[in-house]
Every structure is written in structure tokens, then in C-alpha cells.
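Numbering (the numbering used here), first residue to last: 148 to 587.
Ideal Cβ positions, reconstructed from N, Cα and C, are used throughout, including at glycine.
These figures come from a predicted structure and were not determined experimentally.
Input: a single structure, listed below in C-alpha cells.
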């Protein structure tokens with residue numbers, strides 16, 4: 148085996164590869180900065196404005212970007228491969244950590260794929276689907292808040308960073324009330340959700356719905372008329388609808404170019420077809436348009452959260468089939484979510500059958516019929532798709548994510564080349580890449 152990126156040598160322990168920074172030397176040696184007036188600059192991955200551990204290799208002529216290349220993989224975790232060594236329920240604990248700003252979406256897409264393989268999509272209870280919509284839309288708002296906060300900071304608007312994280316904190320407290328954790332919840336699971344929504348969480352969500360519209364107005368008062376913000380965003384990093392479609396770009400970036408493509412409307416799931424909401428678009432396809440679309444999406448998500456609260460009818464939150472449903476009644480404790488002590492006392496002291504069933508389902512898991520499925524949902528960054536393959540066992544044969552951060556990053560050179568180096572920051576931020584999801 149030979150590699151362009153890793154020299155090799157034989158040792159007494161076997162063959163050793165020395166991994167280098169790709170073809171950096173070739174790129175640099177191909178440019179003569181004195182005679183051509185060009186220079187190659189390495190931006191990232193340890194750079195505060197590349198929106199995560201993203202590395203950009205830029206060829207500059209003065210302050211104009213002549214060539215831009217994205218280098219990814221600095222946050223690779225091997226999550227998809229790890230899924231092949233865990234049972235189907237444990238998969239939720241892994242996938243939640245991919246796009247760490249949208250964990251509920253990772254879990255929901257995975258659970259929908261497993262349910263489709265099992266053939267139980269229609270058996271998921273109404274309450275479970277309503278809770279999924281409620282949690283996803285709260286998560287969409289929290290993700291967009293991080294976007295407006297970090298993008299503002301990268302363009303010099305420090306105040307919006309403080310305010311965005313302040314409101315996100317409120318949502319994370321709601322998540323902690325419901326799931327026991329602020330992030331990486333493993334809350335949405337095949338068959339439903341792990342835990343019902345407590346009454347105090349409903350009260351806190353209602354308070355949030357009253358507070359948040361005013362806060363969104365404050366953000367717009369702060370940014371929308373600000374001359375520097377307008378200068379840094381309008382007609383910057385333009386990508387029209389033809390370019391978006393050609394590169395597979397989805398989500399707010401596509402909608403900001405004028406195409407109202409939202410999987411919640413075009414291919415609904417979890418009962419979204421029964422909700423009333425609009426799909427915001429903007430015709431210009433620039434950073435300013437992406438900002439307006441995300442601000443409008445937060446307002447639409449508030450409408451969806453309110454509708455979901457009104458639809459929360461009493462009922463079970465997991466499918467009735469005890470061969471699939473987690474056997475224990477879970478409870479929130481000081482260290483997160485776990486088996487309730489009452490259930491543990493019952494199976495240990497009263498019912499041997501319950502103990503055996505619990506042991507088998509927790510250690511081995513349920514079997515999923517052979518087959519393969521693809522399920523796509525609308526995450527805050529675009530189409531999040533899961534291709535899941537089962538060979539009939541208790542573990543996935545293969546799970547692969549169509550991750551919008553990964554796909555959307557293809558568009559960065561198209562946005563950046565020919566523009567100024569300062570606009571690389573604005574354009575990259577407007578894509579809203581989360582490198583945990585991109586690299587997986």
C-alpha cells in the first residue's frame with residue numbers, strides 16, 4: 148500500500164507510515180510569490196473564525212482569493228464504523244454526537260431509518276411524534292442561535308454573540324429538564340422517545356415562547372440596519388440557485404437563493420404535514436439572504452413549537468411491542484437518565500421473567516429484518532439523510548449519513564474565489580458547517 152500523503156518505512160515492528168499535511172509542499176512550491184505576486188496561506192484548523200476545525204488553503208493575489216481548498220477530517224470520530232459494533236438502540240448514543248449543535252436531528256433521522264427497516268413507522272405513537280417535532284424545532288432554534296452568535300462575532304459584532312448564547316442556554320435548560328442532559332441526549336430512540344415530557348418543562352417552554360419573539364426583534368434591531376453588517380453581508384459569497392443545485396447544497400443556503408425546498412413540506416415525516424408553517428426564502432443568494440432566512444426560520448419554529456404543545460395529548464411515548472420497546476421505565480436523576488429504581492427493585496425482587504427479558508433486550512438488543520433504507524429529514528443545515536443496512540442481526544451492517552455540513556462545504560471555493568480574503572470568513576460562516584457532523 149502506498150499513499151501520496153504518508154511516507155512509509157519498514158521497522159522491526161512492521162511498516163510505519165508518517166502522515167503529513169497532505170500535498171502542502173507541492174502547493175507551496177508551485178507558486179512563485181516574487182514573480183507571480185501570489186502567496187499561499189494556510190487558514191485553520193486552529194483559527195478562531197473558520198467556524199470549527201476547518202482548514203482552508205488559500206492562494207492569494209494581494210487580498211483577492213484566486214484559489215480556495217477545504218481540508219477536512221480534523222474531527223473524525225469513526226462514529227459510523229462504531230455503529231457496526233453496537234446494537235440498534237445503542238446507535239442513538241453515538242449518532243447524537245455527530246452534529247453536536249443538532250443532536251435531536253441526528254437521533255431522529257437514525258430512529259426513523261431503524262423504524263422503517265422494522266416496518267413500524269405507523270406504529271409510533273402520536274405523542275411520540277409530537278414530542279419529536281417539539282424537540283427538533285427547539286433544537287433548530289438553538290442551532291440557529293449559535294449560527295447568528297458565532298457569525299456575528301466573526302464579523303466583529305461581539306454583543307450578538309453574548310445574546311445568542313444567552314437564549315440558547317434557556318433551550319439547553321429545557322432539554323436538561325426533559326432528557327437529563329444539555330447535549331448528546333440519546334433521547335429519540337427507535338420506537339419513540341426515551342422519556343415523557345414533564346409538566347415543568349411545558350411551563351418553561353411556554354415562558355420561552357413568550358420571551359423569544361422580543362429577543363429576535365432585538366437581534367434585528369442590532370444587526371439589520373447596522374452599516375458594517377450590511378457591508379460585510381450584502382452581495383458577499385453569492386451562490387445562485389443553479390450553483391446550489393449543481394453542488395448538492397440544501398437547507399437555508401439553498402432557500403436563500405430562492406428555492407423553497409424544505410423536506411418538512413416536500414417529503415413530510417413525523418406528522419409535519421399536519422402543521423401550519425411557511426418556508427422562508429430570499430432571492431439574492433448572499434450572506435445577507437442567509438441571515439434573513441435563518442431569522443425567519445426561528446420565527447416559524449416558534450409557531451411549530453406552539454402547535455406541538457397544543458397537540459400534546461396524553462398517551463404512550465414508545466411503541467407497544469415489548470420486543471422493541473426498552474423494558475425499563477426510565478427516570479431522570481442527578482446524573483442524567485437511567486433505569487428507575489422502582490423498576491430495578493421489581494425485576495430484581497419479584498419477576499424473574501422481567502429480569503430475563505430486560506437482560507436479553509439490553510445486552511443483545513432486538514433483531515432487524517434484512518434490508519436497506521434511506522430516510523432524509525430537514526436539519527438546521529439542510530438534508531440530513533441516513534442510509535441504514537441490516538443483515539438481519541442485532542447490530543447495523545452499515546449506517547452512512549448524508550451530512551449537510553459535508554456536502555455544503557463543497558460550495559466554499561465557488562463562493563470565495565474572486566472575492567476578498569475577509570469575505571472567506573463571512574462566506575464560510577454563512578454555510579454554518581459543524582465539523583463534528585462533516586467529519587464524523
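Whole-angstrom C-beta distance between residue j and residue i, which should lie under 8 Å
| i | j | result |
| --- | --- | --- |
| residue 419 | residue 280 | 7 Å |
| residue 215 | residue 559 | 6 Å |
| residue 511 | residue 213 | Residue 511 to residue 213, Cβ: 57 Å. No contact. |
| residue 236 | residue 336 | 6 Å |
| residue 187 | residue 206 | 5 Å |
| residue 232 | residue 545 | Not quite, the Cβ-Cβ distance comes to about 12 Å (not below 8 Å), so this is no contact. |
| residue 221 | residue 202 | 7 Å |
| residue 528 | residue 551 | 4 Å |
| residue 264 | residue 535 | 6 Å |
| residue 286 | residue 252 | 6 Å |
| residue 595 | residue 426 | It is not possible to answer for residue 595, since the shown part of the chain is limited to 148 through 587. |
| residue 164 | residue 157 | Not really, about 11 Å apart at Cβ, beyond 8 Å. |
Range of the contiguous beta strand (DSSP E) that encloses residue i
| i | result |
| --- | --- |
| residue 537 | 529 to 537 |
| residue 523 | 518 to 526 |
| residue 190 | 186 to 190 |
| residue 545 | 545 to 549 |
Proximity below 8 Å, CB of residue i to CB of residue j
| i | j | result |
| --- | --- | --- |
| residue 533 | residue 260 | yes |
| residue 572 | residue 196 | yes |
| residue 284 | residue 271 | no |
| residue 407 | residue 428 | yes |
| residue 383 | residue 570 | yes |
| residue 325 | residue 471 | no |
| residue 582 | residue 199 | yes |
| residue 453 | residue 356 | yes |
| residue 549 | residue 525 | no |
| residue 495 | residue 502 | yes |
| residue 334 | residue 254 | yes |
| residue 321 | residue 351 | yes |
| residue 456 | residue 359 | no |
| residue 574 | residue 434 | yes |
| residue 403 | residue 432 | yes |
| residue 400 | residue 353 | no |
| residue 451 | residue 422 | yes |
| residue 430 | residue 405 | yes |
| residue 208 | residue 185 | yes |
| residue 540 | residue 246 | no |
| residue 289 | residue 258 | no |
Host alpha helix (DSSP H) of residue i (start-end)
| i | result |
| --- | --- |
| residue 268 | Neither: residue 268 is in no alpha helix (DSSP H) and is coded neither H nor E. |
| residue 443 | 434 to 458 |
| residue 293 | 273 to 301 |
| residue 223 | Segment: none, residue 223 is in no alpha helix (DSSP H) and carries neither H nor E. |
| residue 570 | 568 to 578 |
| residue 379 | 374 to 380 |
| residue 565 | Here residue 565 belongs to no alpha helix (DSSP H), and DSSP marks it neither H nor E. |
| residue 430 | Unbroken run through residue 430: none, as it is neither H nor E. |
| residue 240 | 238 to 242 |
| residue 367 | 346 to 370 |
| residue 393 | 388 to 394 |
| residue 411 | 410 to 413 |
| residue 421 | Looking at the DSSP string, residue 421 is not in any alpha helix (DSSP H), and its letter there is neither H nor E. |
| residue 400 | 399 to 402 |
| residue 583 | 582 to 586 |
Per DSSP, the bridge partner or partners of residue i
| i | result |
| --- | --- |
| residue 325 | DSSP, once it has assigned bridges, lists no residue as partnering residue 325. |
| residue 215 | 205 |
| residue 336 | 339 |
| residue 164 | 155 |
| residue 330 | None, per the DSSP bridge assignment. |
| residue 465 | 339 |
Exercise for the section: Could you tell me whether the region 454 to 468 touches the region 335 to 352, where touching means 3 or more Cβ pairs closer than 8 Å? Expected result: yes
Handout entry: Segment contact flag, the region 314 to 325 with the region 288 to 298, C-beta cutoff 8 Å, min 3 pairs
Key = yes
Handout entry: Three or more C-beta pairs below 8 Å linking the region 300 to 313 and the region 436 to 453
Key = no
Practice task
State whether the region 542 to 555 contacts the region 366 to 384, with contact taken as three or more CB pairs (one from each stretch) at a distance under 8 Å.
Solution key: no
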